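K.L.:
Each residue of the sequence shown is one higher than the one before, counting from 2 in our numbering. Let me give you the structure first, and then I'll get to my questions.
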Amino acid sequence: MINPEDPLAAFVIALLDDDNGISEQAFEKLMAMLGKQGEADLWSWLERHVDSADGRFWLPSKVVAQLGM
2 MINPEDPLAA FVIALLDDDN GISEQAFEKL MAMLGKQGEA DLWSWLERHV
52 DSADGRFWLP SKVVAQLGM
């Protein structure tokens, strides 16, 4: 489980908490940055919870709601 109070996690959640999501290119860059920064927990959590379609990536509302946000 991630800490939604962590500033980086909160930023990433806010970025992906959108019906239109972010582009595939942006998501790849985000995940690469998290990996390089040693954010393995956040990286793994996103891998498990992010949905995608038509080259867009987002967090489902139910996942965000479970975090209490």
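Idealized CB from N, CA, C, for every residue including glycine. Remember, it's a predicted structure, so these values are computed and weren't measured experimentally.
With a threshold of 6 Å on Cβ separation, who are the neighbours of Ala66 within its own chain once the five nearest residues in sequence on each side are excluded?
P.N.:
none
K.L.:
With a CB to CB cut of under 8 Å and the five nearest residues on each side skipped, what residues in its chain are close to Gly69?
P.N.:
When the five nearest sequence neighbours on each side are left out, the beta carbons in the same chain lying within less than 8 Å of the beta carbon of Gly69 are those of Pro5, in order along the chain.
K.L.:
For the alpha helix (DSSP H) that Asp42 lies in, which residues bound it at each end?
P.N.:
Unbroken alpha helix (DSSP H) run through Asp42: 41–50.
K.L.:
First and last residue of the alpha helix (DSSP H) that includes Leu16?
P.N.:
8–17
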